[in-house]
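Take a look at the structure set out below.
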Ligand SMILES: [Zn+2]
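Residue numbers (the working numbering): 1 to 108.
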């Protein structure tokens, strides 16, 4: 979650640079008022903040999917394009699986 906080901070910083066109009081006394460096700088900050907000390693690690044929659960990263290695058919993401087959929840 910390990456989202950093991303939001960078987003605000990018906005500050773009709107106020300087860093004064923040990092240095250097002002951008005489040039237009603040434009690419703020864009860079927006881009980095976007990367931070988008980055979510937990989501990838904890994604599970289930094969409807052999009923086996797989960690999604173990699979090649989500295909069950046993049955050679596409597995279904675990949340979608139980929406599709709610009866199987009773067996757990
Ligand atoms: Zn299977």
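Ideal Cβ positions, reconstructed from N, Cα and C, are used throughout, including at glycine. Owing to the predicted nature of the structure, the values given are computational and were not obtained by experimental measurement.
How close, in whole Å, do the beta carbons of residue i and residue j come, if the pair is a contact with beta carbons under 8 Å?
{"i": "residue 86", "j": "residue 76", "result": "Not quite, the Cβ-Cβ distance comes to about 16 Å (not below 8 Å), so this is no contact."}
{"i": "residue 14", "j": "residue 46", "result": "5 Å"}
Straight-line CA distance for residue i to residue j?
{"i": "residue 55", "j": "residue 10", "result": "14 Å"}
{"i": "residue 89", "j": "residue 7", "result": "38 Å"}
{"i": "residue 96", "j": "residue 12", "result": "36 Å"}
{"i": "residue 83", "j": "residue 72", "result": "12 Å"}
{"i": "residue 50", "j": "residue 43", "result": "10 Å"}
{"i": "residue 79", "j": "residue 66", "result": "11 Å"}
{"i": "residue 91", "j": "residue 48", "result": "34 Å"}
{"i": "residue 19", "j": "residue 69", "result": "57 Å"}
{"i": "residue 81", "j": "residue 100", "result": "20 Å"}
{"i": "residue 38", "j": "residue 17", "result": "6 Å"}
{"i": "residue 74", "j": "residue 98", "result": "15 Å"}
{"i": "residue 5", "j": "residue 41", "result": "20 Å"}
{"i": "residue 93", "j": "residue 2", "result": "26 Å"}
On the DSSP bridge assignment, give the partners of residue i in chain order.
{"i": "residue 152", "result": "Within the shown structure, residues of the chain are numbered from 1 to 108, placing residue 152 beyond reach of any answer."}
{"i": "residue 53", "result": "According to DSSP, which records beta bridges pairwise, residue 53 is partnered with nothing at all."}
{"i": "residue 83", "result": "80 and 90"}
Could you please give the first and the last residue of the uninterrupted alpha helix (DSSP H) stretch that includes residue i?
{"i": "residue 109", "result": "This structure leaves residue 109 out entirely; the chain is present only between 1 and 108."}
{"i": "residue 111", "result": "Residue numbering for the chain in the displayed model covers 1 to 108; residue 111 lies beyond these limits and cannot be assessed."}
Starting from the N-terminal end, write out each residue whose C-beta falls within a distance shorter than 5 Å of any non-hydrogen atom of ligand 3. With respect to small molecules bound, the structure shown includes ligand 1 and not ligand 3.
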